[in-house]
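Colleague: Here it is, the structure in full.
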Amino acid sequence: MKLGFIGAGEMGGAIIRGLLKSGWPKEEILASVHSADSARKLASELGIDATTDNRRAAEHADVIFLAVKPGVVPQVLEEIKGAQLSAKPVVCMALGWTLEKLQAALPNWPVIRIMPNTPVALQSGVTLFAFSRETPAETRRAVTALFERLGKTEEVPEELFDAATAVSGSGPAFVYYFIDALASAAADKGLPQEDAVKLAVQTVIGAAKMVEDTGLSPAQLAQKVATPGGCTAAGLDVLMASELGAVLEQTVGATVAKAKEFAR
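The following block contains the structure:
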């Protein structure tokens, strides 16, 4: 299956890197980017075919990936239509581009809306899916299997797509912020910054693994660690008093509101 990426920046590049790590043949990937310098750099770094010709990428592909900024999508869709291709799957990860908008631009084409996150580059990501009615079951399975190489996949009703995106799409940035804050707090108490970051990173990895593997809720696991009267309990008391939950609710709310603004 030949893959054509129109755009290979932060997210498109993460997907390509993850696929190559998973063993996907580099000969089966063509990426179109905005400049000849970028194309040369991408080809040299990853060994894939790279171009500045969006139509060529679309024509080459069995599946077309739109990995450009939301405002560039209309131009790219016009180029795809201008190539007079027969209908083929179009996978769009641009914020705010709903199935309805994509289908209006490409009537009767199988269109798929996704939201991956950057850990797909390490095959540890999450990719959300919403499929148009025009997308055959076989195509759904093939594209889903592609992203299963890169981590977890989840089909989400489109009306919940923005909320899910706030957790998995934007969520890594919130986790990075937490890791940085946790490490900085430890460094303020004398721990070398490099050691503090290393410990904070591994702690987050281990804690997430415990949630995944034990079947217990995060709240249950927190209580198991926090012995009454102990130092963990003292720290949790501060977190609870800080209304962290309310802050995160506002954080997710702001992310969802911005996504809906893009959709409009």
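All letters in the sequence shown, in the order written, are residues 19 to 282 by our numbering. For glycine and all other residues, C-beta sits at the position ideal for the given N, C-alpha and C. In this text the structure is predicted, and so the values were computed from the model without any measurement.
1. Using 8 Å as the threshold, is the stretch 197-214 in touch with the stretch 174-183, meaning 3 or more CB pairs across them?
2. Any idea which residues DSSP pairs residue 67 with across the strands?
3. Considering Cα atoms alone, identify which of 118, 87, 182 and 131 is closest to residue 108.
4. Between the alpha carbons of residue 181 and residue 91, how many angstroms are there, rounded?
5. Please list, in chain order, all residues of the same chain as residue 168 whose beta carbon is under 6 Å from its beta carbon, the five residues on each side excluded.
6. What residue range is occupied by the uninterrupted alpha helix (DSSP H) comprising residue 92?
7. Can you check DSSP and say which residues form a bridge with residue 149?
8. So is residue 134 buried or exposed if we call it buried at 16+ other beta carbons inside 10 Å?
9. Is there contact here, the stretch 71-80 with the stretch 43-55, by at least three beta-carbon pairs under 8 Å?
10. Should the stretch 96-116 be called in touch with the stretch 255-266, which here means at least 3 C-beta pairs below 8 Å?
11. Go ahead and pull the three-state DSSP assignment for residue 86.
Modeller: Looking at the atomic coordinates:
1. no
2. Start at 1 with the first residue of the sequence shown, and residue 67 comes out as number 49. According to DSSP, residue 67 bridges with 48.
3. For this step, residue 108 is matched to residue 90 along the sequence shown. Of the listed residues, the one whose Cα sits closest to residue 108 is 131.
4. Here the question's residue 181 lines up with position 163 in the sequence shown. Here the question's residue 91 lines up with position 73 in the sequence shown. Here the alpha carbon of residue 181 sits roughly 22 Å from the alpha carbon of residue 91.
5. The residue you call residue 168 lines up with position 150 of the sequence shown. Excluding residues within five positions, the ones whose Cβ falls inside 6 Å are 36, 138, 141 and 143.
6. Residue numbering aside, residue 92 sits at position 74 when the sequence shown is read from its first letter. Run containing residue 92: 91-100, per the alpha helix (DSSP H) assignment.
7. Along the sequence shown, read from residue 1 onward, the residue named residue 149 stands at position 131. Note: residue 149 sits in a beta bridge opposite 130.
8. Counted from its first residue, the sequence shown places residue 134 at position 116. Classification of residue 134: buried, given that the 10 Å Cβ count is 16 or more.
9. yes
10. no
11. Looking up residue 86 in the sequence shown gives position 68. Coil at residue 86, not helix or strand.
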